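With UniProt numbering, the residue at position 562 of the sequence shown is 562, and numbering never jumps.
Positions of the beta carbon are idealized from the N, C-alpha and C atoms, including for glycine.
Here the structure is a predicted model, which is why all the values come from computation and not from measurement.
Everything below concerns the one structure shown next.
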Amino acid sequence: MLRTMAFTSSDVRAAERPLLDRSVPLMRMASRALADVCRSVVNARGSEVERSSIVILAGAGNNGGDGLYAGSLLARSGAGVTVLAVGTALHDAAARSLMRAGGRVLVVDPRCRIPGFDTGFDDAELRLRLTASADLLLHADVVMDAMTGIGSKGALTGTASVMADLLAEILHDGRRCADGNDDNDGNGEGAHDRPTVVAVDVPSGLGVDSGTVPGASITADVTVTFGALKPCLVVPPVCYRRGGLVVVDLGLDLDPGRAVVRRMDASCASSRLVVPGAGDMKYSRGVVGLITGSQRYPGAGVLSVSAAARSGCGMVRYLGPRRAQDLVLQAMPEVVVGKGHVQAWTVGCGVDPDDHDDDSPASAVGALLRHYQTDDGGSVSTTGVEPMPPVSMPPVCVDAGALDLLPDHVLPQVVITPHAGELARLLTRMGHPRTVDAVLDDPWGNAVLVHRITGATVLLKGAMTLVVGDDGQGDGLHPDGAHPDGARTMVSGAGPAWLSTAGSGDVLAGLIGSLLAQWRASRESADDATAEERSSAGKDRGCPAVTEIAAAGAYIHGLSGRMASGCDVCADAEPLIMRVAPVGGVTRDSSTSSDRVPWNRARSIGHPIVASDLIEQLQFVLASLLRRHEDDDARR
Numbered sequence: 001m002l003r004t005m006a007f008t009s010s011d012v013r014a015a016e017r018p019l020l021d022r023s024v025p026l027m028r029m030a031s032r033a034l035a036d037v038c039r040s041v042v043n044a045r046g047s048e049v050e051r052s053s054i055v056i057l058a059g060a061g062n063n064g065g066d067g068l069y070a071g072s073l074l075a076r077s078g079a080g081v082t083v084l085a086v087g088t089a090l091h092d093a094a095a096r097s098l099m100r101a102g103g104r105v106l107v108v109d110p111r112c113r114i115p116g117f118d119t120g121f122d123d124a125e126l127r128l129r130l131t132a133s134a135d136l137l138l139h140a141d142v143v144m145d146a147m148t149g150i151g152s153k154g155a156l157t158g159t160a161s162v163m164a165d166l167l168a169e170i171l172h173d174g175r176r177c178a179d180g181n182d183d184n185d186g187n188g189e190g191a192h193d194r195p196t197v198v199a200v201d202v203p204s205g206l207g208v209d210s211g212t213v214p215g216a217s218i219t220a221d222v223t224v225t226f227g228a229l230k231p232c233l234v235v236p237p238v239c240y241r242r243g244g245l246v247v248v249d250l251g252l253d254l255d256p257g258r259a260v261v262r263r264m265d266a267s268c269a270s271s272r273l274v275v276p277g278a279g280d281m282k283y284s285r286g287v288v289g290l291i292t293g294s295q296r297y298p299g300a301g302v303l304s305v306s307a308a309a310r311s312g313c314g315m316v317r318y319l320g321p322r323r324a325q326d327l328v329l330q331a332m333p334e335v336v337v338g339k340g341h342v343q344a345w346t347v348g349c350g351v352d353p354d355d356h357d358d359d360s361p362a363s364a365v366g367a368l369l370r371h372y373q374t375d376d377g378g379s380v381s382t383t384g385v386e387p388m389p390p391v392s393m394p395p396v397c398v399d400a401g402a403l404d405l406l407p408d409h410v411l412p413q414v415v416i417t418p419h420a421g422e423l424a425r426l427l428t429r430m431g432h433p434r435t436v437d438a439v440l441d442d443p444w445g446n447a448v449l450v451h452r453i454t455g456a457t458v459l460l461k462g463a464m465t466l467v468v469g470d471d472g473q474g475d476g477l478h479p480d481g482a483h484p485d486g487a488r489t490m491v492s493g494a495g496p497a498w499l500s501t502a503g504s505g506d507v508l509a510g511l512i513g514s515l516l517a518q519w520r521a522s523r524e525s526a527d528d529a530t531a532e533e534r535s536s537a538g539k540d541r542g543c544p545a546v547t548e549i550a551a552a553g554a555y556i557h558g559l560s561g562r563m564a565s566g567c568d569v570c571a572d573a574e575p576l577i578m579r580v581a582p583v584g585g586v587t588r589d590s591s592t593s594s595d596r597v598p599w600n601r602a603r604s605i606g607h608p609i610v611a612s613d614l615i616e617q618l619q620f621v622l623a624s625l626l627r628r629h630e631d632d633d634a635r636r
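Pasting the structure below:
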């Protein structure tokens, strides 16, 4: 749960309350873990704590207190620790602890009232103190951001905003020396030419529960969060500003059913793979149908079909124009061309929505999607099509050109896969005008809005892909990742930036269609099974499974990109779990190797790839996840 589930700030604070009532020293526990991370960061920079310079940007609240207590531990270890007081006060007990340990305090906010310090200074003195602050930040090994925590709302203001801008300028410049000379002499000693920023709980100035960036804020290299993941740490755009992630286990009793976001990981993705049994045949392993490709873009048909065929289903049926058919059969002779029974669809890749010829792919897609149209109450509309029971409709992955053909309201087993531009266009068409920038500023909020308007499961593609779908409450379910507004959110950021290449989305759509077909086939088998077997398959009986399968597809797609490119830089590296007891030391999860800790900057940037490279890697990614699935089953 610590690695995968994110909770709102109010739920985290509510979970802290019983421990605080029992006098469990949560702040001291958090500060010990924070100090341990800072020591490791200093060592990773090739320095020693005794020779290091630590600067703490401290606000007036408990977040500042966490930083100050950690600073006192570092000062006792020999580090030079300076606090820049950016608020109207400091946490009193923590400040006294720091000063007893030899730490220094520089008051930067003239409104600050701290006994024993000069306050209420004029503008000239403020300028001098800001200049001194800039010099301290410039020459620091570690800058600890402890200005605001999970109780803060909105952008930074006042002195905190000034300090955030000042730090951003220093980080952008990336030099150690104020005179502009690069002190990297070529022997590696100057390789770390800017401070490492460690955020306390969350980077300051960010939307903790929304994942938005309302204004001035901090961008961290490492974030040490306490008790549980917060939504902003796993949803874009804030997740791109958190750096490496450490989760400190404080022993909070959190209800998994109240998690608002869930990270897709290897364990969850592997659980969504269907292993064929001795009695299976091609039809019972899942048949996926694809209406993809066009005269203009036949390659989209080849890529989507090839991905579907290599993702574990028993059969692929293809319906497309003759030119695309010929290329598909040349690439994949196993494909069956023509109509027939399917258990899932993938439609839209390479389809021109403005091609209205009767035999065009767009016409076929439009006719198919009308079967999924519902009224706002969820009942299937019968306008112009033969009525079918909603539960009998196979899931469908709707990509690219088919998005323009989407009815206003559809069944939740419709998975749409837009990028930001396509989502903006879809919202605008539905009476909620958006620019691409507006979607990128609040991708989660806009994905939830599209889900509410259309009823579809929304997969918004990006470095951190968001999947928002039905939470299953209508089926009496309340799964992990259920949002209070009735939407379930999952995220996957396993892929490298090299994935942003032509045809990559076609591969993803084919992959998701194949996974949905296998799930649907397994459900049909469960319908024919004994009551005991049906009970064991109960978790798959509702549309929350569709959300999870779509997210698993994004995860598998991302891993394929990493294997193909040789790149291990991605938006959502695995968090490190640290455990700290009320009394005693700090331990790290032994499953995290030393070269994978969040503060280790040694990463392989990899090399360019094309979409076809992803297809070649699918079998290896699936093999790895199937082994994981087998191991998980053995442990259970």
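Query                                                                                                                                                                        : Result
If you draw a straight line from the alpha carbon of Leu-511 to that of Asp-354, how long is it in whole angstroms?                                                          : 26 Å
Does the beta carbon of Arg-39 sit closer than 9 Å to a beta carbon anywhere in chain B?                                                                                     : Here there is only one protein chain, and chain B is not present.
Between the C-alpha atoms of Val-261 and Pro-231, what's the straight-line distance to the nearest angstrom?                                                                 : 6 Å
Do Gly-505 and Ser-560 have their C-beta atoms within less than 9 Å of each other?                                                                                           : no
Leu-20: buried (16+ other C-beta within 10 angstroms of its C-beta) or exposed?                                                                                              : exposed
Evaluate Asp-255 with the Cβ neighbour count: other Cβ atoms within 10 Å of its Cβ, from every protein chain shown; 16 or more gives buried, anything less gives exposed.    : exposed
Can you give me the Cβ contacts of Gly-585 inside the same chain, cut-off strictly under 6 Å, excluding the 5 residues immediately before and after it?                      : none
Straight-line CA distance for Val-24 to Ser-604?                                                                                                                             : 42 Å
Does Arg-3 come out as helix, strand or coil in the three-state DSSP assignment?                                                                                             : coil
Is it a yes or a no for the segment 281-296 touching the segment 322-335, going by three-plus beta-carbon pairs under 8 Å?                                                   : yes
Using 10 angstroms around the beta-carbon of Pro-18, count the other beta-carbons present and answer buried if the total reaches 16, otherwise exposed.                      : exposed
Check for me: the alpha helix (DSSP H) holding residue 639 runs from which residue to which?                                                                                 : Because residue 639 is not part of the residues shown, which for the chain are 1 to 636, the question remains open.
Can you tell me which of Thr-148, Arg-258, Lys-282 puts its alpha carbon nearest to the alpha carbon of Ile-218?                                                             : Thr-148
Where do the ends of the alpha helix (DSSP H) carrying Arg-111 lie?                                                                                                          : Where Arg-111 is concerned, there is no enclosing alpha helix (DSSP H), given that its DSSP letter is neither H nor E.
Roughly how many whole angstroms lie between the Cα atoms of Arg-488 and Asp-408?                                                                                            : 20 Å
From Asp-633 to Ser-271, what distance separates their C-alpha atoms?                                                                                                        : 9 Å
Alpha carbons only, please: which of Ala-307, Leu-233, Pro-544, Val-610 is nearest the one belonging to Ala-509?                                                             : Ala-307
Go ahead and label Arg-242 buried or exposed: buried means 16 or more other beta carbons lie within 10 angstroms of its beta carbon, across all protein chains shown.        : buried
Taking the DSSP output, what are the residues bridged to Gly-244?                                                                                                            : Val-222
In the DSSP assignment, the alpha helix (DSSP H) including Val-347 goes from what residue to what residue?                                                                   : Val-347 -> not in any alpha helix (DSSP H); beta strand (DSSP E) instead, spanning 344-347.
Pop quiz: Ala-33 and Met-578 are said to be a contact at Cβ under 8 Å. What is the actual Cβ separation, rounded to whole angstroms?                                         : 5 Å
Would you call Pro-608 buried or exposed, if buried means 16 or more other Cβ atoms sit within 10 Å of its Cβ?                                                               : exposed
Does the pairing of the segment 397-417 with the segment 360-372 give three or more beta-carbon distances under 8 Å?                                                         : yes
Take every Cβ of the segment 99-110, pair it with every Cβ of the segment 38-48, and state whether three or more of those distances are shorter than 8 Å.                    : no
Pull up the CB-CB distance for Ala-70 and Ser-97, whole angstroms please, since I reckon it's below 8 Å.                                                                     : No, Ala-70 and Ser-97 are not in contact; Cβ-Cβ is about 10 Å, not under 8 Å.
Please classify residue 669 as buried or exposed, where buried requires at least 16 neighbouring CB atoms within 10 angstroms.                                               : Since the displayed the chain opens at 1 and closes at 636, residue 669 lies outside it and no answer follows.
Buried or exposed, going by whether 16 or more other CB atoms sit within 10 Å of the CB of Ala-545?                                                                          : buried
Could you pull out every unbroken alpha helix (DSSP H) segment of at least 4 residues lying fully inside the segment 294-340, listed in chain order?                         : 298-309, 322-331
Please classify Ser-392 as buried or exposed, where buried requires at least 16 other C-beta atoms within 10 Å of its C-beta.                                                : exposed
Within 10 angstroms of the Cβ of Gln-343, are there 16 or more other Cβ atoms? Answer buried if so, exposed if not.                                                          : buried
Drop a sphere of 10 angstroms on the beta-carbon of Gly-350, count the other beta-carbons inside from all chains shown, and report buried for 16 or more, exposed for fewer. : buried
Going by the DSSP bridge assignment, what does Gly-289 pair with across the sheet?                                                                                           : Arg-317, Trp-345
At what residues does the alpha helix (DSSP H) containing Ala-571 begin and finish?                                                                                          : Run containing Ala-571: none; DSSP gives neither H nor E here.
Among the residues of its own chain, which have a CB less than 8 Å from the CB of Arg-100, if the five just before and after it don't count?                                 : Ser-72
Would you decide whether Ala-6 is buried or exposed? Buried here means 16 or more other CB atoms lie within 10 Å of its CB.                                                  : buried
Please tell me whether Thr-346 and Ser-612 are closer than 9 Å, where the distance is taken between their beta carbons.                                                      : no
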